[in-house]
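Each protein sequence line maps, in turn, to chains A and B.
For the first sequence, our numbering begins at 17 and goes up steadily by one.
For the second sequence, our numbering begins at 172 and goes up steadily by one.
Here a beta-carbon is modelled for each residue, glycine too, at the ideal position from N, C-alpha and C.
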Amino acid sequence: AQSVTQPDIHITVSEGASLELRCNYSYGATPYLFWYVQSPGQGLQLLLKYFSGDTLVQGIKGFEAEFKRSQSSFNLRKPSVHWSDAAEYFCAVGTNTGNQFYFGTGTSLTVIP
Amino acid sequence: DSGVTQTPKHLITATGQRVTLRCSPRSGDLSVYWYQQSLDQGLQFLIHYYNGEERAKGNILERFSAQQFPDLHSELNLSSLELGDSALYFCASSVPSGLRTRNEQFFGPGTRLTVL
């Protein structure tokens, strides 16, 4: 069965420090992978996506993610975190039919000044 | 602004009642997805419509139903409401006409439902 696991429920980092949010997926075919960010009381905003090709994808706000098929992972990274990055981050996998998407339970990011 | 609109923003109702949530997808998008987000369940996929037809069902209760109209807007109907139905309900759209693959979803701001 398809699933997405975000093992870190909550992460706290200092402003300016690097960040890595983990995501592991389970899907039988080639996955479409996404990272979304949700600020309090807001909808989800797409940060980046992977469909095929280069396994290192760049997104908005200085984020990047790397697809590792052998590890079934799609970890999100940012070299230097800003206070405005504090939010909830969701990893998702989409089926190749586009009929369904599976979301992880989210990682809450706190940024310390 | 994602281009997806949802109304109302907030809804307060009582147990046993019925409500309708509305979603207008981005212009030209054919797919509409509904999600429920609660503190204990995370983001749960409910149902997907593509160009008026149901394409996939997730963890949607029998008390819930949805439809997509010819103008592509969608409504999620929640009936016999229970306290546990209190949550944020999101709509997302994707798939511009003529582009069948490479789906990515654009989310609306959500409707916060409170059942008292």
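{"Query": "Cutoff 6 Å; reference R283/B; Cβ partners in own chain excluding five residues on either side", "Result": "H181 and L259"}
{"Query": "Proximal residues of chain A, C-beta to C-beta of R226/B below 9 Å", "Result": "T113, G114, N115 and Q116"}
{"Query": "CB-CB length for V127/A against V53/A, believed under 8 Å", "Result": "Actually they are not in contact, since the Cβ atoms of V127/A and V53/A sit about 13 Å apart, beyond 8 Å."}
{"Query": "Neighbouring residues, chain A, relative to G241/B (Cβ below 9 Å)", "Result": "Before going further, note that residue 241/B is Pro rather than Gly in the sequence given. Simply none; closest approach about 21 Å."}
{"Query": "Top-ranked residue by Cα proximity to R189/B, from S250/B, G229/B and S264/B", "Result": "S250/B"}
{"Query": "G269/B, DSSP secondary structure in three states", "Result": "Residue placement at G269/B cannot be trusted, given a pLDDT of 48 that sits under 50; the coordinates are not used to answer."}
{"Query": "Near-chain B residues of the segment 54-87 of chain A - C-beta to any C-beta below 7 Å", "Result": "Q58, G59, L60, L62, K65 and F67"}
{"Query": "Sequence ranges, beta strand (DSSP E) only - wholly within the segment 176-241 of chain B, length at least 3", "Result": "176-178, 181-184, 190-195, 200-209, 213-221, 224-228 and 235-239"}
{"Query": "Sequence-distant residues of the same chain with beta carbon closer than 8 Å to A108/A, five excluded per side", "Result": "V20, L49, F50, W51, Y52, F117, Y118, F119 and G120"}
{"Query": "K94/A classed as buried or exposed, judged by whether at least 16 other C-beta atoms fall within 10 angstroms", "Result": "buried"}
{"Query": "Chain A contacts from the segment 206-220 of chain B (Cβ-Cβ distance under 7 Å)", "Result": "G213, L214, F216 and H219"}
{"Query": "Pairwise C-alpha distance: Y204/B and S198/B", "Result": "15 Å"}
{"Query": "Neighbour flag for Q276/B against chain A, beta carbons, 9 Å", "Result": "yes"}
{"Query": "Element boundaries [beta strand (DSSP E), containing N40/A]", "Result": "N40 to S42"}
{"Query": "Opposing strand residues paired with H26/A [DSSP bridges]", "Result": "S124/A"}
{"Query": "Limits of the beta strand (DSSP E) - the one that W99/A falls within", "Result": "Here W99/A belongs to no beta strand (DSSP E), and DSSP marks it neither H nor E."}
{"Query": "Closer than 9 Å to chain A by CB, G269/B", "Result": "Summary for G269/B: the model assigns pLDDT 48, below 50, so the residue's position carries little reliability; its value from the coordinates is reported in the next sentence. No, G269/B lies away from the interface with chain A (no Cβ there is under 9 Å from its Cβ)."}
{"Query": "Interface residues of chain A facing P280/B [CB-CB closer than 9 Å]", "Result": "G57, Q58 and G59"}
{"Query": "Local conformation of G32/A per DSSP, three classes", "Result": "coil"}
{"Query": "Whole-angstrom distance between S209/B and A227/B, CA atom to CA atom", "Result": "21 Å"}
{"Query": "8 Å contact criterion, which N91/A and L35/A should meet: CB distance rounded", "Result": "At roughly 10 Å, the Cβ-Cβ gap does not stay under 8 Å, so N91/A and L35/A are not in contact."}
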